[in-house]
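Please read the structure below before turning to the comments.
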Amino acid sequence: MPTRRSLLIAVGSAGLLATVGCTPMSSWWLAEGPPMDTPFTPPSGARADLLHHVLDRCSYGIRPGDRAQALALGGSVEEAAHAWIAWQLRPDDIDDSEARRSLRRIPSLTEPIGELYEYREQDLLRQLVQGHSLMAMRSRRQLYEVVVQFWSDHFNIDMSKAECAWLKTADERDVIRRHAFGRFRDLLRASALSPAMLWYLDGRDNRVAAGARPNENYARELLELHTLGVHGGYSQRDVMEVARCLSGWTVRAKNGFKKGTVEFHADAHDDGVKQVLGTTISAGGGARDLDRVLEIVCCHPSTAGHIAGKLCRRFICEDPPDTAIAAVAAEFTASHGDIRATMRRLLARPEFLDPACHGAKLKRPFHFLVSVVRATDARCDAGPATMAYFARMGHAPFQFPTPDGYPDHAHAWRDTLLWRWNLAASAASNRIPGFALDAAGLSRRAGGDDRLMAHLFGRDPDERESGAWRRSGGGERGLAVALASPAFQRC
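Using my numbering, the first residue of the sequence shown is number 234, and each one after it goes up by one.
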């Protein structure tokens with residue numbers, strides 16, 4: 234259990250990270266980002282309202298001014314919450330040019346696959362994490378950014394394996410971001426033929442050989458993680474049959490011509506009859522076998538339930554009610570895997586809107602750090618020091634070693650609390666390279682310390698929280714205590 238003493242120890246030792254990843258700081262990031270001098274009106278009341286819940290759960294944190302912007306969409310607090318969801322479900326209608334300008338000095342994000350091999354591995358990782366973080370911090374398309382990370386975890390690729398270091402940038406751009414709000418089948422197909430995924434799960438090595446078994450690694454994860462789920466009703470025989478269907482697909486390596494190019498080699502494909510989940514796939518299908526497999530697994534009822542369960546866990550609570558999962562799965566099926574329609578149904582469910590759902594989830598470390606930036610109107614370059622905090626809190630983007638992706642349950646992150654306190658203290662006192670905020674100015678803009686806490690918590694602070702701020706001495710220390718508090722660490 235966090236104590237005031239342990240937090241003050243963290244505050245006192247916050248300078249320990251001040252030298253982590255120190256590099257000469259560019260001036261461009263200081264000139265970019267939201268204004269830092271505009272007054273704003275925090276919410277009031279003893280409980281957080283629906284609008285705060287929606288903004289907090291469906292974004293990476295509530296910036297000063299976000300609430301007023303949502304209320305301007307019209308009507309009551311409840312109507313504004315629903316209007317904000319509808320607005321966020323149309324990301325193409327949201328001008329995000331300011332956030333995209335943050336990426337213009339990160340050249341690798343737009344490079345063709347072949348050109349990515351000209352970069353050093355560590356530079357590609359740094360630039361991809363920086364771009365991903367800056368969009369989470371600055372994008373107005375917040376729900377889209379949250380869903381992007383959901384799919385990036387669902388189709389996890391660890392950049393440390395083989396040539397994934399060069400290819401994951403293209404996967405994030407051309408697979409995850411392109412299809413995040415599209416149709417699940419299109420997303421799944423793009424992932425199956427992603428050069429990075431072919432390397433990561435050994436699909437490129439799945440070739441027919443006399444007397445040899447097909448490489449089943451990708452086939453197993455396709456069924457277990459990407460579609461049906463671990464208890465989805467498939468057998469080991471189904472895994473082997475899917476592997477046969479997917480044989481022959483490969484990607485050219487970096488030491489050859491046209492590196493990173495995906496190809497189908499008919500002579501390496503098992504072209505016999507297959508039986509997948511009770512459906513016969515005729516002989517002679519060649520490359521078309523892949524699409525037959527994807528059609529079968531996308532239409533399987535277990536896939537709808539698996540995807541719905543994960544989405545409900547992300548947006549409702551860690552143990553979502555069966556009623557919510559069933560309703561979301563039904564929409565997934567009826568819409569033929571339309572992700573936007575599925576999200577619309579989920580965010581309209583009474584289980585999501587229920588006050589008992591408010592504050593029910595512990596922020597994962599990435600979410601926590603980004604929410605600190607957004608809630609305080611901080612300037613952050615998402616550079617080496619930011620990456621160091623992600624790593625120390627155990628949530629370094631694109632570096633989870635197993636295919637299941639970073640966990641979405643609180644007990645996986647409880648050991649990160651000390652580093653969270655350290656982050657809160659270092660951020661509030663401007664001791665993180667590439668990070669700047671104005672604690673006094675933020676309090677003044679909010680209308681005082683208690684009003685600033687109301688902004689951070691979505692409600693008026695209780696006596697214990699106000700007392701903790703006062704006992705800390707206020708100012709930067711008070712802000713650190715508030716950012717490290719359970720109320721801010723949850724969403």
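The beta-carbon is built from N, C-alpha and C at its ideal position, and this holds for glycine as well.
Would you verify that the beta carbon of residue i is, or is not, closer than 8 angstroms to some beta carbon of chain C?
| i | result |
| --- | --- |
| Cys545 | Of the protein chains in this structure there is only one, and it is not chain C. |
Would DSSP call residue i helix, strand or coil?
| i | result |
| --- | --- |
| Thr494 | coil |
| Val506 | coil |
| Leu240 | Note on Leu240: pLDDT 43, under 50, position unreliable in the model; the coordinate value appears next. DSSP places Leu240 in helix when its eight states are reduced to three. |
| Ala251 | For Ala251, the predicted structure reports a pLDDT of 37, less than 50, and the residue's modelled location is therefore unreliable. The matter cannot be settled from this model. |
| Cys724 | coil |
| Cys590 | helix |
| Cys532 | helix |
| Ala669 | strand |
| Leu732 | Since the first and last residues shown for the chain are 234 and 724, residue 732 lies out of range. |
| Arg684 | helix |
| Arg612 | strand |
| Arg416 | strand |
| Asp571 | strand |
| Ser366 | helix |
| Val603 | helix |
| Asp435 | coil |
| Gly674 | helix |
| Asp329 | coil |
| Ile344 | Here the sequence assigns Glu to residue 344, which means Ile is not the residue at that position. Looking at Glu344 - three-state DSSP - the assignment turns out to be coil, as it is neither helix nor strand. |
| Glu351 | coil |
| Pro324 | helix |
| Pro694 | coil |
| Lys487 | coil |
| Ser427 | coil |
| Tyr622 | helix |
| Arg547 | helix |
| Leu336 | coil |
| Pro447 | coil |
| Pro257 | No answer about Pro257 holds up, because its pLDDT of 39 lies below 50 and its placement is not dependable. |
| Gly700 | helix |
| Ala581 | coil |
How far does the beta strand (DSSP E) with residue i in it reach, from first residue to last?
| i | result |
| --- | --- |
| Trp482 | Trp482 to Val484 |
| Ile514 | Thr512 to Ile514 |
Can you give me the Cβ contacts of residue i inside the same chain, cut-off strictly under 6 angstroms, excluding the 5 residues immediately before and after it?
| i | result |
| --- | --- |
| Glu354 | Ala398 |
| Ala369 | Tyr293, Glu378 and Val603 |
| Asp438 | Asn448 |
| Ser341 | Tyr352, Leu357, Gln360 and Thr402 |
| Ala314 | Leu283, Leu284 and Val287 |
| Ala520 | Phe497 |
Near residue i, which residues of its chain fall below 7 angstroms by C-beta distance, leaving aside the five closest residues on each side in sequence?
| i | result |
| --- | --- |
| Ser676 | Asp682 and Leu685 |
| Ala687 | Pro275, Pro276, Ser277, Asp693 and Pro694 |
| Val310 | Asp282, Leu283 and Leu284 |
| Gly711 | Asp682, Trp702 and Ser705 |
| Gly458 | A small correction: the amino acid at residue 458 is Leu; Gly does not occupy that position in the sequence shown. Contacts found: Pro636 and Asp637. |
| Met392 | Leu358, Ala398, Lys401, Phe631 and Gln632 |
| Gly570 | Arg416, Phe417, Arg418 and Cys531 |
| Ala589 | none |
Starting from residue i, trace the alpha helix (DSSP H) in both directions and tell me its first and last residue.
| i | result |
| --- | --- |
| Thr460 | That residue, Thr460, is in no alpha helix (DSSP H); it is neither H nor E in DSSP. |
| Ala393 | Strictly speaking, residue 393 in this sequence is Ser, with Ala absent from that position. From DSSP, Ser393 is part of no alpha helix (DSSP H); its letter is neither H nor E. |
| Tyr179 | Beyond the ends of the chain as shown, which are 234 and 724, falls residue 179; an answer cannot be given. |
| Tyr451 | Asn450 to Glu454 |
| Pro553 | Per DSSP, Pro553 belongs to no alpha helix (DSSP H) and is neither H nor E. |
| Val408 | Taken as a continuous stretch (DSSP letters only), Val408 belongs to no alpha helix (DSSP H), as it is neither H nor E. |
| Gly308 | Unbroken run through Gly308: none, as it is neither H nor E. |
| Arg470 | Gln469 to Leu479 |
| Val714 | Gly708 to Ala717 |
| Ala403 | Cys397 to Asp404 |
By Cβ distance, which residues of its chain are closer than 8 angstroms to residue i, with the 5 residues on each side in sequence left out?
| i | result |
| --- | --- |
| Ala316 | Ala303, Leu306, Gly307 and Gly308 |
| Pro257 | Below a pLDDT of 50, predicted positions are generally treated as unreliable, and Pro257, at 39, falls in that range; the measurement from the model is reported next regardless. So the list is empty, once near-sequence residues are dropped. |
| Asp641 | Asp386, Lys543, Arg546, Arg547, Glu551 and Arg597 |
Is any heavy atom of the ligand GTP found at a distance shorter than 7 angstroms from the C-beta of residue i?
| i | result |
| --- | --- |
| Leu434 | Summarising the ligand content, the structure contains no ligands, and the ligand GTP is consequently not present. |
message = Can you confirm whether the segment 350-364 touches the segment 443-456 when touching is taken to mean that 3 or more C-beta pairs between the two stretches lie within less than 8 angstroms?
response = Under the Cβ criterion (8 angstroms, minimum of three pairs), the segment 443-456 does not count as touching the segment 350-364.
message = Taking contact to mean 3 or more Cβ pairs, one atom from each stretch, closer than 8 angstroms, check whether the segment 608-622 and the segment 665-675 are in contact.
response = yes
request  = Tell me, please, whether the segment 697-713 touches the segment 625-642 by the rule of three or more beta-carbon pairs shorter than 8 angstroms.
outcome  = no
ask   = Are the segment 330-339 and the segment 293-303 touching, with three or more C-beta to C-beta distances below 8 angstroms?
value = no
message = Using 8 angstroms as the cut-off, can you tell me whether the segment 448-466 makes contact with the segment 489-505, which would need three or more C-beta pairs spanning the two stretches below that distance?
response = no
request  = Take every Cβ of the segment 505-512, pair it with every Cβ of the segment 524-538, and state whether three or more of those distances are shorter than 8 angstroms.
outcome  = yes
Ordered list of beta strand (DSSP E) runs contained in the segment 627-659, each at least 3 residues = none
request  = May I have a chain-ordered list of the alpha helix (DSSP H) segments no shorter than 4 residues that lie completely inside the segment 263-301?
outcome  = 283-290, all fully within the segment 263-301.
query = Taking three-plus beta-carbon pairs below 8 angstroms as touching, is the segment 647-664 in contact with the segment 394-408?
reply = no
ask   = Is the segment 581-589 in contact with the segment 547-561, if contact means three or more CB pairs nearer than 8 angstroms?
value = Yes, the segment 581-589 is in contact with the segment 547-561.
ask   = So does the segment 514-533 actually touch the segment 542-551, counting three or more Cβ pairs closer than 8 angstroms?
value = Cβ pair count under 8 angstroms is below three, so no.
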